[in-house]
Amino acid sequence: MTLIRWNNPWTLSSMMDEMMRNDARETNGNRCGCGPATNIMEKEDSFVIEMAVPGFRKDEININFEDDTLTISSEKEDNEKENTEFTRKEFAYGGFSRSFSIPESVNAEDIKAEYNNGILSIILPKKEEEKKMNKEIAIA
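First residue of the sequence shown: 739, per the working numbering; consecutive thereafter.
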């Protein structure tokens, strides 16, 4: 098998220009417009969703679980002063909403959330698996 080397045509300056486009505010600082960056991990006894939400207080974030769907949202408005002129504005703290389909193996009653240093962590514990019965049956 032959490995093909990937040549990235982007230069640092063109990437910076792309990141600082004028429409960055319209997508809450996220180029895809899909909300805050999220990590999802599966551990032995739980799933963990981590979401980067710097600039938000925990009372500004709503977490709702309904019909096997977990929705994380915020209605926060970007309260900048109208008379302020920015030379460059990169902070964008607008509202967002992200939804995740949760598998049936999650124990919805014990879902927990923690917020620390701009990272929201949602712990979704797995249900205990039913113990499989192993019994030898004698033939009569």
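By construction, the Cβ of each residue, glycine as well, lies at the ideal position given by its N, Cα and C atoms.
Item, Value
"Where Lys796 sits in the DSSP three-state scheme", "helix"
"Under 8 Å between C-beta atoms of Ile799 and Ile810", "yes"
"Sub-8 Å separation of Met789 and Leu858 beta-carbons", "yes"
"Distance, Lys864 Cα to Ala876 Cα", "36 Å"
"Beta-carbon contacts of Ile801 that lie in its chain and below 6 Å, excluding the five residues immediately before and after", "Ile810, Ala851"
"Strand pairing of Thr807, partner residues [DSSP]", "Glu804, Ser839"
"7 Å CB neighbourhood of Asn845 in its chain, flanking five on each side removed", "Pro863, Lys864, Lys865"
"Counterpart residues of Tyr853 in DSSP-defined beta bridges", "Leu858"
"Val786 - partner residues in DSSP beta bridges", "Met779, Ile861"
"As assigned by DSSP and simplified to three states, the class of Lys873", "coil"
"Close Cβ partners of Thr822 (< 6 Å) along its chain, the five nearest in sequence each way excluded", "none"
"Residue from Thr807, Tyr853, Ile860, Phe834 with nearest C-alpha to Pro841", "Thr807"
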